[in-house]
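Going by numbering that gives the first Met the number 0, the sequence shown opens with residue 0, and the numbers climb by one from there.
Cβ atoms here follow ideal geometry from the backbone N, Cα and C, with glycine treated the same way.
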Amino acid sequence: MEKQRSFSIKPTRLWLFSFTISFSLIFFIFFSIWVLNLPLYSRQETHFQFNSTTTAAAASVSLGLRSPFKIQSLTGFHRNYSATQIKNSILVSTHFSRVENESQVSNFSTFEEILDKGSQPQSVVYDINSEKNLTFFGNRSTKSETVSSKGFEIDSTNSSIPIWNQQQQNVSITLSNKEEASSDVLKVVNKKECDISKGKWVFDESYPLYTNASCPYIDEGFSCETNGRLDKNYMKWRWQPQDCDIPRFNATQMLELIRGKRLVFAGDSINRNQWESMLCLLMGAIKDPRKVYETRGRRITKEKGNYCFKFVDYQCTVEYYVTHFLVHEGKARIGSKRVQTLRIDTMDKGSSRWRGADILVFNTAHWWNHHKTKAGKNYYQERNQVHPRLDVSTAFEKALTTWASWIDRHVNPSKTQVFFRSSAPSHFSGGQWNTGGHCREASQPIPETYRGEYPEKNIIVEQIIGKMKTPVTFLNITGLSDYRIDGHPSIYGRKLGSSSRVQDCSHWCLPGVPDTWNEILYMHLESKRRKSLPN
0 MEKQRSFSIK
10 PTRLWLFSFT
20 ISFSLIFFIF
30 FSIWVLNLPL
40 YSRQETHFQF
50 NSTTTAAAAS
60 VSLGLRSPFK
70 IQSLTGFHRN
80 YSATQIKNSI
90 LVSTHFSRVE
100 NESQVSNFST
110 FEEILDKGSQ
120 PQSVVYDINS
130 EKNLTFFGNR
140 STKSETVSSK
150 GFEIDSTNSS
160 IPIWNQQQQN
170 VSITLSNKEE
180 ASSDVLKVVN
190 KKECDISKGK
200 WVFDESYPLY
210 TNASCPYIDE
220 GFSCETNGRL
230 DKNYMKWRWQ
240 PQDCDIPRFN
250 ATQMLELIRG
260 KRLVFAGDSI
270 NRNQWESMLC
280 LLMGAIKDPR
290 KVYETRGRRI
300 TKEKGNYCFK
310 FVDYQCTVEY
320 YVTHFLVHEG
330 KARIGSKRVQ
340 TLRIDTMDKG
350 SSRWRGADIL
360 VFNTAHWWNH
370 HKTKAGKNYY
380 QERNQVHPRL
390 DVSTAFEKAL
400 TTWASWIDRH
410 VNPSKTQVFF
420 RSSAPSHFSG
430 GQWNTGGHCR
440 EASQPIPETY
450 RGEYPEKNII
460 VEQIIGKMKT
470 PVTFLNITGL
480 SDYRIDGHPS
490 IYGRKLGSSS
500 RVQDCSHWCL
510 PGVPDTWNEI
520 LYMHLESKRR
530 KSLPN
């Protein structure tokens, strides 16, 4: 009978087996700890969701992308993503930087060169794993926007980034979009400065932002469509700067900017033109028109010069005060006669109404001509002296110096933001307003190859503003408005059947060119709000 073989393990082999198992476990534990403590250099997906809504308190822009926008991102490297514009692209200039901690909170900073010339990018922290409110500065946006972790993908699949290194590099990104999305986001060509005054008018079917029927505040002189003008193209031009975009006017956001505040326009009838445009633009966000009213029950006409409209839901007022010259129109005795004079050393008697405003928009230029100033003969007065003769430019400079001194004395820069709008051009042909001048035949903007002469009055204003203690923003609308010979009322500044043959080639139809002035004003106000936010 065969002897049964016993199974046994020698002590040496048992020790070796135990050592191998123990060493493997220890190695696995240390390797796991080492891996977990490494920075996350691996590729990861970060998602942004832009949800579009017009009624929610935190509305957002809709990019209208045909397909997800994807970018390859290594969170261990700091990169600069810029954008260049090609046909129908949304341009975004941003920084993405590495994840700083385990909570997956990353820095997302945006360039604001169009808003603050030469400024450094400002960073805002977003939680990638949770939704946070983000206010975007851009066209066709409403209220504030939401950024979340769905839909807007950052991945490696369709990356236009060919190489990786630890040096900052520029990357060109193109977002294909639907036609209506082309202005959803503020578009910036990656340049340090953007001159808003340089550009061209682009025909845009999405304009105007309101109609004669939707706005009850357009007076007869500016209501060209109501007065019989049949062509509508003059309403549909959008100003396109060559280096950036002006954001589309957002009525809801503008009302939030002036909530509890006073927005005051003070100037001549061209400023009333802009003020009426602002009222009409703001009405686009008002659900109940009964909650907007003139505080004294006045109806807008050329005869009355002071108005104060209250927006009840926002506890703000939008006001206009007529002042042709900003300085005092009075009378003085010359010999045995009392004659009208312009006190170029004394502010307009209505200036006390402007004090305490939160936003002041001034202009003067329209009345500074030889006809309306009696050619400077016995018209301009300083103290008790009436100048026998004084040229318009010298008198204008003295008057603006008086205005600047008043601003520096009575305006608190920490409360009030001051703007001065440049002169708006007239387009009379064959004479002036009182000598048969006309502009009826104009139906298109002047080609952008046209270069008008820069007005001396603008140069004077800029020089005076440069010497002031109080910051004043110069809204230079002269050049862009000079192309718009088609935008004047012409014969449509009065109702059909009027016997007057005088054509208006100085003021502007509404909707029309002044809406663009207000979009520029809105851009500046929104810029200041954004800069005041904590980093």
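With a 10 Å radius around its C-beta and 16 neighbouring C-beta atoms as the bar for buried, classify residue i as buried or exposed.
i, result
"Y449", "exposed"
"F29", "exposed"
"S118", "With a pLDDT of 40 at S118, under the threshold of 50, the modelled position of that residue is not reliable, and no figure is offered here."
"Q431", "exposed"
"F18", "exposed"
"F248", "buried"
"V311", "exposed"
"G465", "exposed"
"L13", "exposed"
"P513", "buried"
"W507", "buried"
"Q384", "exposed"
"D347", "buried"
"F26", "exposed"
"L15", "exposed"
"N362", "buried"
"G198", "buried"
"D287", "exposed"
"F419", "buried"
Nearest CA to the CA of residue i: which residue from the options?
i, options, result
"K326", "A265, I333 and H426", "According to the sequence shown, residue 326 is Val rather than Lys. If we check each option's Cα against that of V326, A265 comes out closest."
"C243", "M522, F361 and S422", "M522"
"G435", "Y379, R500, L389 and G465", "R500"
"S205", "M234, D194 and G227", "M234"
"L374", "S31, H386, T477 and R295", "The amino acid occupying residue 374 in the given sequence is Ala; Leu does not appear at that position. Per the Cα distances, H386."
"T338", "Q380, Q273, R529 and H370", "Position check: residue 338 holds Val in this sequence, whereas Thr was assumed. V338 has its Cα closest to that of Q380, out of Q380, Q273, R529 and H370."
"L524", "L15, K348 and A250", "A250"
"N457", "K330, T300 and S392", "S392"
"D203", "R228, N226 and R237", "R237"
"K376", "L389, L256, M253 and R382", "L389"
"T401", "S442, I463, N368 and P454", "I463"
"L399", "I459, G349, R352 and T415", "I459"
"I257", "K414, R420, G492 and Y453", "K414"
"Q239", "Q273, S526 and G478", "G478"
"W516", "G220, I32, I269 and K286", "I269"
"E302", "G220, D194 and A403", "G220"
"L474", "S23, D194 and L229", "D194"
"D481", "I519, P444 and R332", "P444"
"E455", "E396, F419 and A441", "E396"
"P446", "V201, A423, Q252 and S351", "V201"
"G329", "L341, K336 and S335", "L341"
Excluding the five sequence neighbours on either side, which residues of its own chain have a C-beta within less than 6 Å of the C-beta of residue i, listed in chain order?
i, result
"G304", "V321"
"L532", "none"
"S222", "N211"
"H323", "D267 and W366"
"P207", "M234 and P510"
"T294", "C307 and K309"
"K527", "none"
"Y313", "L254 and R258"
What residue range does the alpha helix (DSSP H) around residue i cover?
i, result
"Y306", "Run containing Y306: none in the alpha helix (DSSP H); it sits in the beta strand (DSSP E), N305 to F310."
"R261", "Where R261 is concerned, there is no enclosing alpha helix (DSSP H), although the beta strand (DSSP E) it sits in stretches over R261 to G266."
"E478", "Note that residue 478 is Gly in the sequence shown here, rather than Glu. Per DSSP, G478 belongs to the alpha helix (DSSP H) from T477 to D481."
"F395", "V391 to H409"
"R528", "V512 to S531"
"Q462", "E455 to K466"
If you drop the 5 nearest sequence neighbours on each side, which residues of the same chain put their C-beta closer than 7 Å to that of residue i?
i, result
"T469", "I406, D407, V410, P412 and V417"
"N100", "Because N100 sits at a pLDDT of 39, beneath the cut-off of 50, its placement in the model cannot be relied upon, and the following sentence gives the value as read from the coordinates. Counting only Cβ-Cβ distances below 7 Å, and skipping sequence neighbours, we find nothing."
"C438", "H426, F427, S428, I484, H487, S489, Q502 and C504"
"K260", "C315, D357 and I358"
"Y216", "E275, L278, C279 and I299"
"L495", "N226 and G227"
For residue i, report the span of its beta strand (DSSP E) as first-last.
i, result
"G329", "V326 to I333"
"E318", "C315 to V321"
"V201", "G198 to F202"
"K336", "K336 to M346"
"Q380", "Y379 to E381"
"I573", "The chain is shown from 0 up to 534; residue 573 falls before or after that span and cannot be answered."
"V471", "V471 to L474"
"F418", "Q416 to R420"
Kindly list the residues whose CB is nearer than 8 Å to the CB of residue i, restricted to its own chain and excluding five residues on each side of it in sequence; keep chain order.
i, result
"L262", "M277, C315, T316, V317, E318, A356, D357, I358 and V360"
"K231", "E224"
"T11", "none"
Alpha helix (DSSP H) runs contained entirely in the stretch 268-295, provided each spans 4 or more residues:
268-282
Taking only runs that begin and end inside the stretch 214-259, name each unbroken beta strand (DSSP E) of 3 or more residues, in chain order.
236-240
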